[in-house]
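Each remark here refers to the structure printed beneath this line.
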């Protein structure tokens, strides 16, 4: 990914179950890391993944996104994955027909 000083990146946090969006300007770019403004202190993010180098703190931005659309897609994917997990978690039969189970297996095996 090519980042430039002054480029706008986006982040979000879930507050009360709703996403709150923020914009950040790239302030420096190195070979492996970049930093952004709007952070309490200089925080390094990994260029290749746009993820924060130190991911062990709570209540901080862990990832940056190049567009609001990318954030919305991430949120939608998370919601869909939660729905799928809830559908298949626990014990017992999940009211699937053989045909439905085959279709799911086929989708999971796609590359």
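Numbering (my numbering), first residue to last: 241 to 351. Think of the CB as a built atom: it goes at the ideal place given N, C-alpha and C, for glycine as much as any other residue. Just so you know, these numbers come straight off a predicted model, no measurement behind them.
- Annotated three-state conformation of residue 287 is coil, per DSSP.
- Sorting 337, 345 and 242 by C-alpha distance to the C-alpha of residue 288 places 242 at the top.
- Within 10 angstroms of the beta-carbon of residue 308 lie fewer than 16 other beta-carbons, which makes it exposed.
- Less than 8 Å divides the Cβ of residue 253 from the Cβ of residue 260.
- Distances from the alpha-carbon of residue 290 to those of 249, 349, 336 and 320 put 249 closest.
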